[in-house]
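Every letter in the sequence shown is one number past the one before it in the numbering used here, and letter 99, counting from 1, is 244. Notes follow once the structure below has been shown.
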Amino acid sequence: MSNQELVYKNESIAKLRPQDLEKADQFCQGYKEFLDNGKTEREAAACAAAALEKAGYQPFQPGKQYQPGDKFYKLHRNKCILAATLGTKSLEEGVHINAAHIDAPRLDLRPVPLYESGEMAFFRTHYYGGIRKYQWATIPLAIHGVVYTRAGEKVEICVGEKESDPVFCITDLLPHLSARQNERTLPEGIKGEELNLVVGCLPVEGEEAKDQIKLNVLKLLNQEYGITEEDFIRGELEVVPAHKARDIGFDRGMIGAYGHDDRVDAYPALMAEIDTQAPAFTTLCVLTDKEEIGSEGVTGLNSQYMVQFIHQLCNSQKADYITTLQNSKCLSADVTAAYDPNWADAFEPNNSTYAGKGIALCKYTGARGKSGASDASAELVSYVTRLLEAEGVVWQMGELGKVDLGGGGTVAKYVASHDIETLDIGVPVLSMHSPFEVVSKGDVYMAYRAFLAFNKAEA
Ligand code: MN
Ligand code: MN
């Protein structure tokens, strides 16, 4: 061994696997469509379900005895996906789980959102997940979601995506009058109570009433959707950036889009699941909701829905549930921070992950002393890195920024709480949680290759 071979090198995909860059670009065509068609967890779950159906997956039937190679899925409460391929080994030898999330930071409408002020109508919002509020002003926004009428009829709403649609926005002060606002700190630049969406400016015709502009918005909504103001109470309406995914740079090596976190792992995990044929270990792709607010609720991974699916499968296959969990392994697929030369001070270069250097492993996440982390064992890191090396997957290992600056968590600890060995892995992202996040196409493709390598493992 030469002295140089003693040194760990974190090298780029362009250097190590230049032959994969073209494939990465191809793979990302489908990814960009997935981003544009699935801006909410409901839409992303529906897109995933359609892709699974097209690939021949059958709806999961508890109690049905499955055969190796059988593919089946469950759409959980319209917001999560569980998709599996039965392996040739017994379930008791463990399931290989790829778990990613399909919710993303955004602005939700409040239950009574509409009001009029100063000859304009607005929707009040309540932000979902960790946003930097100032980033959400003065950009075109769309409204996606569902509303239920008093009679229980479901109404789907999506405005701001078609070229012919109107969009919405949050206003900010002009520099000429911002002297007082300029004294605020950055997190206070725009406050939660100022994240109000402009939705109208014209009064209702031929009616002497209070709040004529608000009334006009209600009239238009009733004409288009048959809904009333009360119906918002039974709604889940999400305000998201109206822009589409776009290539970034003269070389088109990156993609800018809303919601890379965590569709940039969800889409590759889904594609790897679909492309897995007759695996040794049973594979399970989980696309979950509510990660951005702590994995809570019936659609978050802190609920039992994933292990209940495995439990039902164990019953069908006459496998012991606890043994199955104990031998299972999970890649908790979520984004990490890409080293940003523009903000280099926030990163420790040797332990950062870089856009373009492959799928990123994180032995642990957490904040300030690994709090909230599922610290993966050296044994699991060894297992996964050997799988990746064997398949020529370009990977890197890192942490999320400098240790005392902050941090974050993922679904890893909720999976690990069921005694399933779990490792954090994901695509590095620039401008994470902003309305326009950036990833490297090569890393997206390496994520797909990594999940496929895990699914294809034979021992
Ligand atoms: Mn995430
Ligand atoms: Mn996130």
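Heads up, the beta-carbon is just placed ideally off N, CA and C, and yes, glycines get one too.
Contact test: residue i Cβ vs ligand 2 heavy atom, cutoff 7 Å
{"i": "His-578", "result": "yes"}
{"i": "Asp-549", "result": "no"}
Residue i, enclosing alpha helix (DSSP H) - first and last residue
{"i": "Arg-594", "result": "586-600"}
{"i": "Leu-197", "result": "186-199"}
{"i": "Ile-467", "result": "466-472"}
{"i": "Cys-173", "result": "166-182"}
{"i": "Ala-159", "result": "158-161"}
{"i": "Val-480", "result": "Looking at the DSSP string, Val-480 is not in any alpha helix (DSSP H), and its letter there is neither H nor E."}
Cβ-heavy atom distance, residue i to ligand 1, below 7 Å
{"i": "Glu-436", "result": "yes"}
{"i": "Val-480", "result": "yes"}
{"i": "His-246", "result": "yes"}
{"i": "Asp-588", "result": "no"}
{"i": "Asp-406", "result": "yes"}
N- and C-terminal bounds of the beta strand (DSSP E) containing residue i
{"i": "Ala-266", "result": "265-273"}
{"i": "Val-344", "result": "341-345"}
{"i": "Val-152", "result": "Premise fails: Val-152 is in no beta strand (DSSP E) and is neither H nor E."}
{"i": "Asn-243", "result": "240-246"}
{"i": "Gln-541", "result": "540-542"}
{"i": "Leu-568", "result": "566-571"}
{"i": "Thr-530", "result": "Element bounds for Thr-530: not the beta strand (DSSP E) but the alpha helix (DSSP H), 523-535."}
{"i": "Ser-516", "result": "Run containing Ser-516: none; DSSP gives neither H nor E here."}
{"i": "Phe-454", "result": "Looking at the DSSP string, Phe-454 is not in any beta strand (DSSP E); the run it does join, the alpha helix (DSSP H), is 450-462."}
{"i": "Ala-561", "result": "Where Ala-561 is concerned, there is no enclosing beta strand (DSSP E), although the alpha helix (DSSP H) it sits in stretches over 557-561."}
{"i": "Tyr-260", "result": "251-262"}
{"i": "Leu-429", "result": "427-433"}
{"i": "Ala-423", "result": "Ala-423 -> no beta strand (DSSP E), and no H or E assigned at all."}
{"i": "His-221", "result": "216-221"}
{"i": "Ile-605", "result": "Nothing about residue 605 can be read from this structure; the chain reaches only from 146 to 604."}
{"i": "Ile-226", "result": "225-230"}
Distance between beta carbons of residue j and residue i, contact taken as under 8 Å
{"i": "Gly-305", "j": "Ala-287", "result": "3 Å"}
{"i": "Gly-404", "j": "Lys-184", "result": "6 Å"}
{"i": "Lys-224", "j": "Asp-434", "result": "4 Å"}
{"i": "Ile-372", "j": "Leu-366", "result": "6 Å"}
{"i": "Ile-276", "j": "Gly-290", "result": "Contact flag wrong, Cβ pair sits at about 18 Å."}
{"i": "Leu-597", "j": "Leu-506", "result": "Leu-597 to Leu-506, Cβ: 16 Å. No contact."}
{"i": "Ile-565", "j": "Leu-470", "result": "6 Å"}
{"i": "Gln-280", "j": "Ser-497", "result": "Contact flag wrong, Cβ pair sits at about 22 Å."}
{"i": "Met-399", "j": "Ala-482", "result": "15 Å between Cβ atoms; not a contact."}
{"i": "Leu-340", "j": "Thr-270", "result": "5 Å"}
{"i": "Gly-501", "j": "Gly-587", "result": "6 Å"}
{"i": "Leu-231", "j": "Thr-427", "result": "5 Å"}
{"i": "Asp-376", "j": "Thr-294", "result": "5 Å"}
{"i": "Lys-601", "j": "Pro-424", "result": "6 Å"}
{"i": "Cys-346", "j": "Glu-264", "result": "7 Å"}
{"i": "Val-343", "j": "Thr-316", "result": "6 Å"}
{"i": "Glu-436", "j": "Thr-555", "result": "7 Å"}
{"i": "Tyr-499", "j": "Tyr-509", "result": "Not really, about 19 Å apart at Cβ, beyond 8 Å."}
{"i": "Gly-401", "j": "Val-583", "result": "5 Å"}
{"i": "Val-560", "j": "Ala-244", "result": "6 Å"}
{"i": "Val-409", "j": "Val-480", "result": "6 Å"}
{"i": "Leu-415", "j": "Leu-432", "result": "7 Å"}
{"i": "Ala-194", "j": "Ile-226", "result": "6 Å"}
{"i": "Phe-172", "j": "Tyr-590", "result": "5 Å"}
{"i": "Ala-595", "j": "Val-538", "result": "5 Å"}
Cβ of residue i within 8 Å of any chain D Cβ
{"i": "Thr-294", "result": "Looking at the structure shown, chain D is missing, and only one protein chain is on hand."}
Completely contained beta strand (DSSP E) runs for the segment 396-421, where each covers 3 or more residues: DSSP runs (the beta strand (DSSP E)) wholly in the segment 396-421: 399-402.
Every unbroken beta strand (DSSP E) inside the segment 484-511 [3 residues or more]: 504-507
Runs of alpha helix (DSSP H) wholly within the segment 343-396 (minimum 4 residues, chain order): 357-370
Inside the segment 267-328 only - beta strand (DSSP E) runs reaching at least 3 residues: Runs of the beta strand (DSSP E) spanning 3 or more residues and lying entirely within the segment 267-328 occur at 286-293, 299-304, in chain order.
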